[in-house]
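**Student:** Each position in the sequence shown, counted from 1, maps to that position plus 453 in this note's numbering. Heads up, the beta-carbon is just placed ideally off N, CA and C, and yes, glycines get one too. Below is a structure I'd like to ask you about.
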Amino acid sequence: MSLADVKKNAQDRMVKSLETLRADLAKVRTGRAHTGILDHVMVEYYGSPTALSQVASINLIDARTIGVQPFEKKMAATIEKAIRDADLGLNPSSQGDVIRVPTPALTEERRKEMVKLVKGEGEDAKIAVRNIRRDANETVKKLVKEKACSEDDERRSSDEVQKLTDKFIADIDKMVVDKEKEVLTV
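Structure follows, in structure tokens:
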């Protein structure tokens, strides 16, 4: 393994950590309705758990209401139950062949809890990035011990990995701040 491989591997893993954070933050509910809330809802479809987006079309009816239209009418009750059981604090109701999912307004207390959750997710992502930095630096130290690279290369590589880490931590901080603003906006 070369120093370039170590750096590339660290960068790829940091990008994955950032993507994971983005996905986790998308699950955090804000005052407005957005279809991403239902991304992780699984529906029992012919005996196997299936993503809601595979059995229904999901769209916004208005700023506070999500519309779910099952592809098969007989799935409506199952979809409604799956949304209710997903522990998202949502209470769907059927209106003809469309299931309306109103998103309740968040209280000030609930918004503060959401901000804490967002900060926690951000901190977890930072820890993941720092662990990746540590792994990369340990790999470089092993290469130095095996005489595959010099100590100067080790210092240079360590500086590059640190710059990469700083960049990703700044990206994480920005994502967290943006999500906090979104949550606190009434």
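Taking DSSP as the reference, what is the three-state secondary structure of Asn544?
**Tutor:** Asn544 falls in the coil class under three-state DSSP.
**Student:** What are the start and end residues of the alpha helix (DSSP H) that includes Arg517?
**Tutor:** Premise fails: Arg517 is in no alpha helix (DSSP H) and is neither H nor E.
**Student:** Taking Met454 as part of the beta strand (DSSP E), name the residues at either end of that continuous run.
**Tutor:** First-last for Met454: undefined, no H or E at that position.
**Student:** Classify Ser610: buried if its beta carbon has 16 or more other beta carbons within 10 angstroms, exposed otherwise.
**Tutor:** So Ser610 ends up on the buried side.
**Student:** From what residue to what residue does the alpha helix (DSSP H) around Thr618 run?
**Tutor:** Thr618 -> alpha helix (DSSP H) spans 604-637.
**Student:** Nearest-angstrom Cα distance between Asp458 and Ala530?
**Tutor:** In a straight line, the C-alpha of Asp458 is about 52 angstroms away from that of Ala530.
**Student:** Do you know how far the Cα of Ile532 is from the Cα of Ala589?
**Tutor:** The alpha-carbon atoms of Ala589 and Ile532 are separated by roughly 45 angstroms.
**Student:** Taking the C-alpha atoms as reference points, what is the distance between Glu599 and Met467?
**Tutor:** Rounded to the nearest angstrom, the two C-alpha atoms are 26 angstroms apart.
**Student:** In chain order, what are the residue ranges of uninterrupted beta strand (DSSP E) at least 3 long that sit wholly in the stretch 461-511?
**Tutor:** Listed in chain order, they are 495-498, 501-504.
**Student:** Would you please state the rounded distance, in angstroms, between the beta carbons of Arg586 and Val630? I believe it to be under 8 angstroms.
**Tutor:** Contact flag wrong, Cβ pair sits at about 22 angstroms.
**Student:** Select from Arg475, Ala486, Gln464 the residue whose C-alpha is nearest the C-alpha of Thr638.
**Tutor:** Residue Ala486 is the option with its Cα nearest to Thr638.
**Student:** Using the Cβ count rule (16 or more neighbours within 10 Å means buried), how would you classify Thr556?
**Tutor:** Buried, since its Cβ has 16 or more Cβ neighbours within 10 Å.
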